[in-house]
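Numbering (full-length UniProt numbering), first residue to last: 1 to 581. Glycine included, every Cβ here is placed at the ideal spot set by N, Cα and C. Okay, so here's the structure we're looking at.
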Amino acid sequence: MLGKAKQVILPTVHDMSKLPDVFSKYFHEKILTIRNSFAQHSVSDRSPIFVGNSFSVFTPVSEDCVRKLIVKSAKTSCDLDPLPTPLLCDHLDILLPTITRILNESLSTGTVPSDFKKAVIKPLLKKSSLDPNVLKNYRPISNLPFLSKILEKIVLDQLSSHLSANNLLTLHQSAYRTDHSTETAVLSILNNILTSLDDNKISLLLLLDLSAAFDTIDHEILLSRLEHTFGIQNSVLNWFRSYLSDRTNFVIVNDVPSQETSLLFGVPQGSVLGPVLFIMYTSPLTDLIDRHSVSHEMFADDTQLQNSATPSEYAQMTTSLQSCIADVELWMSTNKLRLNCDKTEAIRFTKSSLSSSLSLPPSITLGSSTIEFSDSVRDLGIFLDSDLSMKHHVMKVCQSAYIELKRIGSIRPYLTEDATKTLVSSYILSRLDYGNSVLIGCPQSVIHPLQRVQNSAARLVCKAPRSQSCSPLLKKLHWLPVELRIQYKCCCICYKIISGSAPSYLSDLFTLYTPSRSLRSSVDTRIFRLSSFSRKQHGQRAFSHSAAVAWNSLPYSIRHCQTFCSFKSNLKTHFFTQYFD
């Protein structure tokens, strides 16, 4: 039984040609086992019925549009492509009219060519540290024909316009939306927790995990939701029906293919449309969670549930979360998704002065599973520790950055300074910048290890000795130091909040300052009202306060830049001059 598939070991295959079939059978049976575990419920979708302009006809695309998509796309090839992608691009002028005609024919007829619905699966280890002999450690990523992905990008562009024009995506879903990100989702949750700690409350955070989320989606439920909730009709709905039906895939290992398998459920991982279809499929979850008055943020299949309460209300809060999880689990089972309680994580945030005086249970019960509270969890790539010091996150970032520095250092003698700077920007600075807005308000003792990483990177690029002062090197490379990079990121988010493009869950945290009476001088309409907090350690570190402080301290001319591009340019110049001059 595949109930034990979690521990299935890759068998010793003397005939390597059988290995692809072993993977193919495992992936296929895993999905069937999950599907067969669901109780037969009738689906009662309580999401609102679509009211607005339906999306019933695709707009034909021009050759110029197709050209731009192809030029911007990664030049990767699939084993199913009739010719390598670089060769196609080299002869694009000749092939473009035919390609455009094929794509427009698919859009107008509401059918997807059968060759576009085949996928090659090359099993990839989920993490390099996992045992490569255990089958569950592999992820079945679909490699699709190049032109099929171009077609999906055209459909996604028109679908996104429809969703945006009718405001159809839930406010708390951050995946695949402009100006939404994993970072903004974590900022929202972290702000709630910090402000709750300032009020002497206890906060719980649950990180839900799904089993094979993309692979068990029911096509009929999805098509029904597309039609009734999102207003997709006629030839567009037929196109999606064609896109989902009659799909096949096969596994390739060591250039040896397996037998083809029909894809009866799910959307292909690695596709362009798959993630967006998934968040449309799970859109009713937000209303369900809201009915339990539980704060939450979602990024694709990653769901964060968070609630806070005073010590006297802790038991009631726990019961509310448990009830919410029970309803989420039932909804998922009804909709052919499975919540994996064994991999769901929980963490409790309490002020140290409060936790020492309380006797709180070490775990929380969710259904038949008991989940121990962790000291640290990884939430969308950002590590949160139970005291919110962020030291664990900084340590992890430094560890991975130093590994990359060592690798780049081993080939530094063969690289130019420009090439080294490019590698360092891609592999080191990107790590320092990812999620760095959560560090605003942290003490220098927390930030300083990241600054040491940047200093080491600057010395590596410039071939400077360890005794060399780093300020001249940072100035030469035009790199802002870590603390100013954090402020730069937060001020950019604040600009988007004022301009109305930021996620509403962040915009709702801020209030623009308005004077109680008219003054002679013109009123500055781009100043945030500062929240009052009683404790520096937590409340004043909240994004709603610390980011507002950073924004309000900027010169008037920068805060009132007309475009985001000019704002970023002027902001960096301001910080650069402030630090180095």
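TODO: Please classify N254: is it buried, with 16 or more other beta-carbons within 10 angstroms of its beta-carbon, or exposed?
DONE: exposed
Open item on the list: When you compare the CB positions of V394 and V446, do they come within less than 7 Å of one another, or not?
Closed with: Yes, these two residues count as a Cβ contact at 7 Å.
- [ ] Provide the residue span of the alpha helix (DSSP H) that contains L197, from first to last.
- [x] 182–198
- [ ] Within the same chain, show all residues whose beta-carbon is closer than 8 Å to that of H574, passing over the 5 residues directly before and after it, in chain order.
- [x] Only L554, P555, I558 meet the Cβ criterion.
Open item on the list: With a threshold of 8 Å, are at least 3 pairs of Cβ atoms found where one atom belongs to the region 412–422 and the other to the region 455–468?
Closed with: yes
Task: Local conformation of M298 per DSSP, three classes - done: strand
Open item on the list: I want to know whether the region 208–216 touches the region 253–271 - three or more CB-CB distances under 8 Å.
Closed with: yes
- [ ] List the whole-angstrom C-beta distance separating P20 from V251, where the pair is believed to meet the contact cut-off of C-beta under 8 Å.
- [x] 4 Å
Task: Pick from C89, T514, S106, L205 that is closest to K344, judged by C-alpha positions - done: Here residue 344 turns out to be Thr, not Lys, going by the sequence shown. When each option's Cα is compared against that of T344, the closest is L205.
Task: Per DSSP, the bridge partner or partners of D385 - done: S376
Task: According to DSSP, residues forming a beta bridge with S544 - done: Beta-bridge pairing links S544 to no other residue.
TODO: Report the option in S271, L190, T318 whose CA atom is closest to the CA atom of E297.
DONE: L190
- [ ] From the DSSP output, read off the bridge partner residues of A119.
- [x] Its beta-bridge partners are N249.
- [ ] Rounded to whole angstroms, what's the CA-CA distance from Q259 to K117? Just pull it up for me.
- [x] 16 Å
- [ ] Please classify P132: does DSSP put it in a helix, a strand, or coil?
- [x] coil
- [ ] Please name the residue or residues paired with P257 in a DSSP beta bridge.
- [x] I252
Open item on the list: If distances are taken between C-alpha atoms only, which option among S262, T319, S312, C78 comes closest to K201?
Closed with: S312
Open item on the list: Here's the rule: buried if 16 or more other CB atoms are within 10 angstroms of the residue's CB, otherwise exposed. What is S62?
Closed with: exposed
TODO: Could you tell me if H91 is buried or exposed, where buried requires 16 or more neighbouring beta carbons within 10 angstroms of its beta carbon?
DONE: Its Cβ having fewer than 16 others within 10 Å, H91 is exposed.
Task: Buried/exposed call for L358, threshold 16 Cβ in 10 Å - done: exposed
Task: Own chain partners of N104 with C-beta closer than 6 Å, once the 5 adjacent residues on each side are dropped - done: P60
Task: DSSP-derived helix/strand/coil call for T422 - done: helix
Open item on the list: Suppose only complete runs of 4+ residues qualify. What are the alpha helix (DSSP H) ranges in the region 264–319, listed by chain order?
Closed with: Secondary structure remark: continuous alpha helix (DSSP H) runs of at least 4 residues inside the region 264–319, in chain order: 274–281, 284–290.
Task: Euclidean distance between Cα positions of C78 and H538 - done: 50 Å
- [ ] Return the residue from the list H560, S108, C492, A542 that minimises the CA-CA distance to D179.
- [x] C492
Open item on the list: Considering only their Cβ atoms, is the gap separating I408 from H228 smaller than 7 Å?
Closed with: No; because the gap between Cβ atoms is not below 7 Å, this pair is not in contact.
Open item on the list: Out of G110, K72, V66, P82, which one is the CA nearest neighbour of D93?
Closed with: Per the Cα distances, V66.
- [ ] Alpha carbon to alpha carbon, how far is L339 from N36? Give it in angstroms, no decimals.
- [x] 14 Å
- [ ] With a 10 Å radius around its C-beta and 16 neighbouring C-beta atoms as the bar for buried, classify Q578 as buried or exposed.
- [x] exposed
Task: For residue 621, the three-state DSSP class (helix, strand or coil) - done: Since the first residue of the chain shown is 1 and the last is 581, residue 621 is not available in this structure.
Task: Distance, I289 Cα to L480 Cα - done: 41 Å
- [ ] Could you check what DSSP says for F23 in three-state terms: helix, strand or coil?
- [x] DSSP places F23 in helix when its eight states are reduced to three.
Task: Own chain partners of residue 583 with C-beta closer than 7 Å, once the 5 adjacent residues on each side are dropped - done: Any question about residue 583 goes unanswered here, given that the chain covers just 1 to 581.
Open item on the list: Rounded to the nearest angstrom, what separates S188 and K476 at their Cα positions?
Closed with: 36 Å
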